[in-house]
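When you line the sequence shown up against my numbering, it's residues 240 to 543, in that order. Notes to accompany the following structure.
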Amino acid sequence: MDLETPILGEGGAGDPGADLIKNTTTQDFMRDVVEASGERPVLVDFWAPWCGPCKQLTPVLEKVVRAAKGAIGLVKLNIDEHPEIPGQMGVQSIPAVFAFKDGQPVDGFMGALPESQLNAFIARLIGETVDDAADIEAAEAALEAGDVNTAAQAFGEILQSDSENMQALAGLTKCYIKTGDLDRAEQTLGLVPPAKAESAPVTSARAALELARKAGDAGDVEASRAKVNADPNDPQARFDLALALNAAGDRQDALDELLVIVAKNRAWNDDAARKQLVQFFEAWGPADPATTTGRQKLSLLLFS
């Protein structure tokens with residue numbers, strides 16, 4: 240990100256916060272967002288000229304970013320002119336705002352929030368302590384390794400000191416999902432404040448819960464695979480196989496089966512395969528290797 244040249248029209252050359260706000264393109268997204276977020280958090284505002292709520296949100300967003308005095312940057316992307324990135328990230332409605340840290344999306348929301356909630360969102364983003372981040376990372380590593388008790392205890396301790404830590408609350412929800420206690424998982428999600436209902440960790444936990452409920456109807460992997468082998472052109476059989484594979488923990492193969500449907504017949508069942516891929520990405524989280532490769536492969540299919 241060029242921090243030397245003020246952006247005219249974003250507050251004027253005399254505005255010390257002008258260089259914190261810029262427009263970007265698909266080609267410059269890596270530099271302006273992913274690389275720049277290694278220096279400080281960067282908000283990405285996905286918008287379009289026809290979007291009324293975007294016109295309400297963006298000026299307030301610019302105001303609170305400037306008020307943060309360099310602690311955070313704002314990058315705006317017109318989704319009509321540059322649809323590739325929002326397509327990869329599963330943006331289905333706007334305005335949508337994603338917060339990037341160290342090259343990864345870590346939080347976000349949809350809709351036009353009032354100024355007070357935007358201030359709280361940014362304060363939480365830039366005020367997160369290193370210890371909190373390390374504790375969250377350790378808890379998530381324990382959950383990924385299957386040590387659910389250790390993960391749940393760690394998430395619980397974080398929530399005792401910070402009841403609105405959405406990463407910890409989402410993590411605890413996923414612990415209940417891992418143990419099959421879906422009712423407790425839903426109760427935990429019920430503790431999310433309305434203002435944070437669309438934050439990235441909560442969206443991920445909600446998607447994981449929906450997938451867990453679908454898993455009961457997914458069926459056996461081998462039985463589903465036999466149906467696909469009997470009729471490789473049956474998208475429903477392949478779709479069911481993808482759900483069964485994901486329920487069994489085989490993310491890469493689940494991903495590949497849905498990509499086959501998108502490649503052969505994207506419009507099938509009202510774009511169901513692509514929508515299911517987006518739900519997978521939300522549930523798995525942005526750092527999961529399957530999400531990374533899946534978004535890349537989906538992007539190639541959709542925009543090649």
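Note that beta-carbon positions come from the ideal geometry of N, C-alpha and C, so glycine has one too. Every value quoted in this text rests on a predicted model; they were computed, and no experiment measured them.
Looking at the structure shown, is residue i part of a helix, part of a strand, or coil, going by DSSP?
i	result
G329	coil
I260	strand
G347	strand
E277	With the sequence shown as reference, residue 277 is identified as Gly, and Glu is not the correct amino acid for it. The answer is helix: DSSP assigns G277 an H, G or I state.
G312	strand
V336	strand
L352	coil
L540	helix
N472	coil
L430	coil
N404	coil
D489	coil
W286	strand
Determine the burial state of residue i: buried for a count of at least 16 other Cβ atoms within 10 Å of its Cβ, exposed for fewer.
i	result
V369	Confidence in V369 is poor, its pLDDT being 42 and thus under 50, which makes the residue's placement too unreliable to answer from.
A439	buried
S402	exposed
W523	buried
L282	buried
S332	exposed
M328	buried
S400	exposed
D479	buried
A577	Because the chain is modelled from 240 through 543, residue 577 falls outside the range shown and cannot be assessed.
P525	buried
R505	exposed
A502	exposed
L516	buried
G429	exposed
R305	buried
T264	exposed
A493	buried
Q426	exposed
Please say whether residue j and residue i have beta carbons closer to each other than 8 Å?
i	j	result
P325	A351	no
K315	N262	yes
F285	V330	yes
L498	L540	yes
I260	L296	no
G533	F520	yes
L448	T412	yes
I397	N404	yes
Q406	I365	no
V460	A487	yes
F339	V273	yes
A457	L482	yes
Using the Cα positions of residue i and residue j, report the straight-line distance between them to the nearest angstrom.
i	j	result
V441	K308	28 Å
A451	F337	25 Å
R445	E437	10 Å
P298	A512	36 Å
L408	D470	43 Å
L484	Q343	27 Å
D319	A287	6 Å
K453	F268	35 Å
L537	Q491	13 Å
S276	V345	11 Å
D510	F394	36 Å
A300	P292	Going by the sequence as given, residue 300 is Leu instead of Ala. Each residue's Cα considered, the two are about 12 Å apart.
R477	D495	10 Å
S355	C290	22 Å
N358	D386	36 Å
T418	A310	40 Å
Flag residue i as yes when its Cβ comes closer than 7 Å to any non-hydrogen atom of the ligand ADP, and as no otherwise.
i	result
Y415	Among the components modelled here there is no ligand, and therefore nothing to report on the ligand ADP.
Segments assigned alpha helix (DSSP H), at least 4 residues, entirely inside the region 497-523: With a minimum length of 4 residues, the continuous alpha helix (DSSP H) runs that stay inside the region 497-523 are 507-523.
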